[in-house]
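Residue numbers (the numbering used here): 1428 to 2021. Where a beta carbon is used, it is the ideal one built from N, C-alpha and C, also for glycine. Data first, discussion second: the structure below is written as structure tokens.
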Ligand code: SER
């Protein structure tokens, strides 16, 4: 079976169980300041797990591209990936543990579906703590399906409690593992007794709670199921391979790297690691650049992660002796292999090539500059009798000029210097702690924040868009939106800065609608009907065949997932605090409700 077949089978199986197929979403979460990327299949579904009605119903299935870069430095081993696909199925207040476990077991073991050997499957369930009791129900349902008692491990919340963020929907989960050791697992072996030889392939989360803050967990209005199966890993075990990099998901990419470097994968452990890093990072970079809401390399947020991925890939390319811009050639292979499942990659092909190559060349320049900087430092360094470059200096070269430690070591060695690697690591750790504290701020407010104030901002965003279209013209289209508890930010297409009068007019128009206390109504209709009715939709966004349309009196009509207030009367006073350029042809407004 190939990854493409696995993807199709998964969707077909859950369709046969009454699930509607929905389309996966962008890698860049809309209206969610808590995370930089979509990190799980459930991420775009958070509002629905919290109780919003989904237009496609209560049983859903999809495949979703995801990016997780928390452990970027670990990528390079045979299993870690920064970009992966998640196959998912959801019950929104429909079935619960019994059916979810039965579906998973059937899909994995039935001869009609994956036909995996049941003897090589084991599971974990939640052991219980102060938040929720031991999950006897889940364990019993496993037993009903034929899972022997000794293949069920009861593990604590660190293993069997799933939450996408510090706040938001969460609950106990049951995880499914496949034996990757030699032969058959010994009797009594499970994830608890032998963590190394059992690989997680699927996670079924029983989302029953909403975490409001550290101390408060409230039951959700409905009991939901959220499952996620790792496509690359499951594909790997189905093919009996020891590493995802040996499957056809990565093989063509690795072939391209081999051609570019004249190195044969599998002949040198250190070089193999570089190959895996290039393969993973370049695939992630292509998915991020080629996303329907693609990001460009920059020094902040998602753009910075993208920059790091590209730079690390280039660096490892150099280690393999590739001495020219090469990422566009790998991008070609990635697009070719994934465009069927992700047509946006093909649509954004030019952008991917151009930006990859520009960033790559820029980094090569950076390296040259770093080298020049090093030469400048040299006379001073020479005065040091220890002939050692301090960790602080090495880290400054890295942090300010993007000059990697290994290069400082290499250049140092050429001039008879060693580098204080411990000191470098210390300086790096200090820096990471600082950025962690800073990014912890990003999480404040939690995943898919739905507080009263952010709901108000959602509605104000619709009023703003309609007002902009009235004042500036119908060419105005939403290019991005981001809401926090403190403000709203809205990016839209418009060729010139807005004049003071235009800003005032828009503000007034929005405030008039607030004063009119207009009702906000939601209807579910087909995307075609929504468009015919004149509703605004996000250009380039993928929608289901049925969508939610929010109408605000006679003023605005938009396709949107919600949530929204019931009427505009108590939004407060709308004030535009900033109007600035966002990128070419795109303006950005920041506004508050006072
Ligand atoms: N949200 C869970 C996960 O990401 C299951 O889909 O593992």
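- Query: If you count every other CB in all the chains shown that lies within 10 Å of the CB of residue 1490, and 16 or more means buried, which is it?
  - Reply: Result: buried.
- Query: For residue 1646, which residues of its own chain have a beta-carbon under 7 Å away from its beta-carbon, when the five flanking residues on both sides are left out?
  - Reply: 1635 and 1636
- Query: In terms of residue numbering, what span does the alpha helix (DSSP H) encompassing residue 2074 cover?
  - Reply: The structure shown has nothing for residue 2074, since the chain only spans 1428 to 2021.
- Task: Taking only the alpha-carbon atoms, compute the straight-line gap between residue 1943 and residue 1975 and give it to the nearest angstrom.
- Result: 24 Å
- Take every Cβ of the stretch 1461-1477, pair it with every Cβ of the stretch 1567-1587, and state whether three or more of those distances are shorter than 8 Å. no
- Query: Under a three-way DSSP split, which group does residue 1522 fall into?
  - Reply: coil
- Among all residues, which have a Cβ less than 6 Å from at least one non-hydrogen atom of the ligand SER, and in what chain order do they fall? The set of residues whose C-beta lies within less than 6 Å of a heavy atom of the ligand SER reads, in chain order, 1467, 1468, 1469, 1515, 1589, 1630, 1632, 1653, 1654 and 1655.
- Message: Residues in the same chain with beta-carbon distance under 6 Å from residue 1736, minus the five sequence neighbours each way, listed in chain order, please.
- Response: 1708, 1711 and 1712
- Looking at the structure shown, is residue 1771 part of a helix, part of a strand, or coil, going by DSSP? In the structure shown, residue 1771 sits in a helix (DSSP, three-state: H, G or I).
- Between the C-alpha atoms of residue 1782 and residue 1799, what's the straight-line distance to the nearest angstrom? 26 Å
- Item | Limits of the alpha helix (DSSP H) - the one that residue 1684 falls within | 1678-1688
- Message: Contact defined as beta carbons within less than 8 Å: I believe residue 1670 pairs with residue 1505. What is the distance between those atoms, to the nearest angstrom?
- Response: 4 Å
- Query: With 7 Å set as the bound, which would you pick, yes or no: does the beta-carbon of residue 1618 sit closer than that to a beta-carbon of chain B?
  - Reply: The structure shown contains no chain B, having only a single protein chain.
- Item | Of the listed residues 1487, 1787, 1428 and 1895, nearest to residue 1446 (C-alpha basis) | 1487
- Query: Counting only runs that start and end within the stretch 1926-1970, where is the alpha helix (DSSP H) found for 4 or more residues in a row?
  - Reply: List check, alpha helix (DSSP H) in window: 1927-1942 and 1954-1959.
- Start-to-end residues for the alpha helix (DSSP H) that takes in residue 1756: In the DSSP annotation of this structure, the continuous segment of the alpha helix (DSSP H) that includes residue 1756 starts and ends at 1754-1765.
- Task: Could you name the residues of the same chain whose beta carbon sits closer than 8 Å to that of residue 1903, not counting the 5 residues immediately before and after it, in chain order?
- Result: 1892, 1895, 1896, 1919, 1920 and 1921
- Message: Could you check if residue 1516 belongs to the surroundings of the ligand COA, using beta carbon to heavy atom distance under 6 Å?
- Response: As presented, the structure is devoid of the ligand COA, carrying the ligand SER as its sole ligands.
- Message: At the level of alpha carbons, what is the spacing between residue 1492 and residue 2018?
- Response: Residue 1492 and residue 2018 have their C-alpha atoms spaced approximately 32 Å apart.
- Task: Compute the distance between the beta-carbons of residue 1633 and residue 1547, then report whether it is under 7 Å.
- Result: no
- Helix, strand or coil: which one does DSSP assign to residue 1787? Of the three classes helix, strand and coil, the one that applies to residue 1787 here is helix, per DSSP.
- Task: With distances taken Cα to Cα, identify the nearest neighbour of residue 2014 among 1926, 1882 and 1979.
- Result: 1926
- Apply the 10 Å Cβ neighbour rule to residue 1510 and answer buried if 16 or more other Cβ atoms are within range, or exposed otherwise. buried
- Query: Hey, how far is the Cα of residue 1746 from the Cα of residue 1698?
  - Reply: 8 Å
- Message: Quick check on residue 1414: buried or exposed, where buried means 16 or more other Cβ atoms within 10 Å of its Cβ?
- Response: Limits of the chain in this structure are 1428 at one end and 2021 at the other, which puts residue 1414 out of reach.
- Task: Go ahead and pull the three-state DSSP assignment for residue 1719.
- Result: It is coil, neither helix nor strand.
- Task: For residue 1638, count neighbouring Cβ atoms within 10 angstroms of its own Cβ and tell me buried if that reaches 16, exposed if not.
- Result: buried
- What is the C-beta distance between residue 1844 and residue 1793, in whole angstroms, given that I count them as a contact (C-beta under 8 Å)? Not confirmed; about 22 Å, so no contact.
- Query: Comparing alpha-carbon positions, which option in 1677, 1694 and 1604 lies nearest residue 1508?
  - Reply: If we check each option's Cα against that of residue 1508, 1677 comes out closest.
- Task: Report the partner residues of residue 1437 according to the DSSP bridge assignment.
- Result: Note: residue 1437 is not bridge-paired with any residue in the DSSP secondary-structure output.
- Message: Using the Cβ count rule (16 or more neighbours within 10 Å means buried), how would you classify residue 1985?
- Response: buried
- Could you give the C-beta distance for residue 1885 and residue 1979, rounded to a whole number, given that I count them as a contact under 8 Å? Rounded, the Cβ-Cβ distance is 11 Å, inconsistent with contact.
- Per DSSP, which one or two residues make a beta bridge with residue 1975? 1951
- Message: residue 1483 and residue 1449 - do their beta-carbons sit closer together than 7 Å?
- Response: Yes, these two residues count as a Cβ contact at 7 Å.
- Item | Alpha carbon of residue 1873 to alpha carbon of residue 1595, nearest angstrom | Any reading at residue 1873 needs caution, since the residue's pLDDT is 37, under 50, leaving its predicted position unreliable; the model's value is listed next. Near 6 Å, if we compare the C-alpha coordinates of residue 1595 and residue 1873.
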